[in-house]
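Structure first, then comments.
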Amino acid sequence: MSEAPAHPLDHLLAPSSIALMGASAKPDSAGRAMVEMARIDGYAGRVYPVNPRYSEIADLPCYPSLEALPTPAEHVVLGVSNANLEAALEAAIAHGAKAATIFASCRLQSDRAPTLAERLRTMATAAGMKLCGGSSMGFYNRAIGLRVAGFPSPAGLTEGGIAWIAQSGSAFSALAHNDRRLGFALCVSSGMELTTTVGDYIDWSLGQAQTRVIGLFLEGAHAPDRLRAALERAAERAVPVVALKVGRSPRGAEMAATHTGAVAGNDAAWRALFRHCGVVAVEDLDELAAALQLFEQPRPIGPGALAAIHDSGGERELIVDMAEGLGLPFAEINEATLRKLALNLEAGLTPENPLDAWGTAEGYERRFAACLTALLEDEATALGIFFSDPRDDYWYSAGVAEAARKAALATAKPVALACNTALAGNSKLALSLRRDGVPLIIGARQALLA
């Protein structure tokens, strides 16, 4: 990151030091979570807990105020209540901090005009300070091992190429905390976007070498021009963007405005923007996660259509029916490919695409690998998916996974394994495959949509 050109958000997202106002030694508290999360992924920068009631928190010296810090903090986390936000931001600005994160809602019961949120925005803008939030769950920069968070979350966040930017804190958490198949470079809960918007986070992510795909959860646009410019840059640089836009219905749009203050906008206008910028629009979080998996794997998707291999005739029929309903074509493979398939199939099986390759367990792994490789070698094929029902600690599923690996090693095209159902238990298998660049997508419909 140090080799990349300086970006206005470097102070915010990649600080060399961070102060945690409102840090606490109390177990199961937001203040304690701030301290523990800042170091859980191996952040090597300086971490300064700030709270006059403690001298030490989690083996770190705790300071009574920002003024007492031994060196200035580049980024200050304002883990304080709404009533104390204004004074805390004033202190951070006086301290010389370049950036701050605000977890609180920035709303007061009996507020005055200009509102607290407006006053905070004015203060930060005048000081040239970048804010994450308010009403944010923070951000995770996996590349430097930093989590800025007010809630505890599991260790072991998978590092990868996804930049995940969500205006909803719960959506942020749903993907960042619950599925280790997803590999992240950055996770951001942008919240109210008082100074820093989705477009700014996209722009920063485009400058990071590890970013392979950008995922968005959008309620509306705080700065439409910046968002459009960032999406156009992503298209120019061939970085895929996958977006879930909510607030498309009239009632949903009203709720979006109440939640984050974002202008939800006209759904037709959003669809036009996405078409103009080549953004992949999805309908729900499951489809979003599946698309991110497919785009995050390291191989580009070229021209052509889908090749699919199955270990069940009935489930193959299910996939064909679903694909037709979605308007998804299968590759029209050539005669040479049909001959290769025929050489590797057991008696009674028909060489075709999509392919039912199951016969008996005799030599099944070799057969699956050879057939999938033959399908991928066909010039009409863009990518290959093995549809199965894999589960952990099962010899047959291990063989299916190994067949997918072997086929992936023999091609430069994307290869994925997909579960026909979301009920299969396969977390260990999924993580093992991911390390070899083969995503395991949960649910046949989600795989086809992706």
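Heads up, the sequence shown is in this note's numbering, so the first residue is 790 and it goes up one at a time.
Don't be surprised by glycine CBs; every beta carbon is placed ideally from N, CA and C.
Just so it is clear, the structure is predicted and the values come from calculations on it, not from any experiment.
- Assign P903 to buried or exposed, taking buried as 16 or more other Cβ atoms, counted over all protein chains shown, within 10 Å of its Cβ. It is exposed - the Cβ of P903 has fewer than 16 other Cβ atoms within 10 Å.
- Item | Alpha-carbon spacing of A1078 relative to A872, whole angstroms | Between A1078 and A872, the alpha-carbon positions lie close to 37 Å from each other.
- Query: W1184: buried (16+ other C-beta within 10 angstroms of its C-beta) or exposed?
  - Reply: That one is exposed.
- Taking buried to mean at least 16 other C-beta atoms within 10 Å of its own C-beta, is E792 buried or exposed? Because E792 carries a pLDDT of 45, less than 50, the predicted location of this residue cannot be relied on, and the following value inherits that uncertainty. Counting Cβ neighbours within 10 Å, E792 comes out exposed, since fewer than 16 surround it.
- Query: How long is the line joining the alpha carbons of T1170 and N967, rounded to whole angstroms?
  - Reply: Approximately 33 Å between the Cα atoms of the pair.
- Among I1090, P838 and L1083, which one has its Cα closest to the Cα of V1031? Shortest Cα-Cα distance from V1031 to any of I1090, P838 and L1083 involves L1083.
- Helix, strand or coil at S1293 according to DSSP, with G and I counted as helix: Here the chain has residues from 790 to 1239 only, and residue 1293 is not among them.
- Item | CB contact check: H864 to chain C, cutoff 8 Å | Of the chains in the structure shown, none is chain C; there is only one protein chain.
- Query: For the region 1185-1228, which segments carrying the beta strand (DSSP E) assignment without a break, of at least 3 residues, lie completely within its bounds, in sequence order?
  - Reply: Those beta strand (DSSP E) runs which fall completely within the region 1185-1228 and span 3+ residues are 1204-1208.
- Item | Among L1117, L1229 and I846, the one whose alpha carbon lies nearest that of Q1086 | Nearest C-alpha to Q1086: L1229.
- For Q898, count neighbouring Cβ atoms within 10 angstroms of its own Cβ and tell me buried if that reaches 16, exposed if not. Exposed: under 16 other Cβ atoms inside 10 Å.
- Item | Spatially closest choice to A1120 from T1139, E1166, E1135 and S818, by CA coordinates | It is E1166.
- Task: Count the CB pairs spanning the region 1191-1199 and the region 1106-1124 that are closer than 8 Å, and state whether there are at least three.
- Result: At 8 Å Cβ cutoff, the stretches do not touch.
- Do T1210 and D1182 have their C-beta atoms within less than 8 Å of each other? Note that the C-beta distance between T1210 and D1182 is not below 8 Å.
- Beta-carbon proximity check, A1163 vs L1130, cutoff 8 Å: Yes; because the gap between Cβ atoms is below 8 Å, this pair is in contact.
- What three-state label does DSSP hand S994 in the structure shown? If DSSP states are grouped into helix, strand and coil, S994 belongs with the helices.
- C-alpha distance - P794 paired with E1141, whole-angstrom precision: With a pLDDT of 45 at P794, under the threshold of 50, the predicted position of this residue should be treated as unreliable, and no value is reported.
- Can you tell me which of the three DSSP states P1013 falls into? Correct three-state label for P1013: helix.
- In three-state terms, what does DSSP make of F1084? Note: F1084 maps to helix in three-state DSSP.
- Of the listed residues V1002, L1007, L1218 and L995, nearest to L798 (C-alpha basis): Comparing C-alpha distances from L798 to each of V1002, L1007, L1218 and L995 shows the shortest one belongs to L995.
- For V1002: DSSP bridge partner residues: For V1002, the beta-bridge partners assigned by DSSP are I951.
- Task: Starting from the Cα of G1101, find the closest Cα among F892, Y1153, L874 and F1063 and give me that residue.
- Result: The question names Gly, yet the displayed sequence has Ser at residue 1101. Ranking F892, Y1153, L874 and F1063 by Cα distance to S1101 puts Y1153 first.
- Query: Per DSSP, A888 is paired with what?
  - Reply: In DSSP, A888 forms a bridge with H864 and K919.
- Message: Three Cβ pairs or more, each shorter than 8 Å: is that satisfied between the region 830-840 and the region 854-864?
- Response: The answer is yes - the region 854-864 touches the region 830-840, with three or more Cβ pairs under 8 Å.
- Message: Suppose you measure from the CA of M918 to the CA of G1214; what does that come to, to the nearest Å?
- Response: For M918 and G1214, the distance between alpha carbons rounds to 46 Å.
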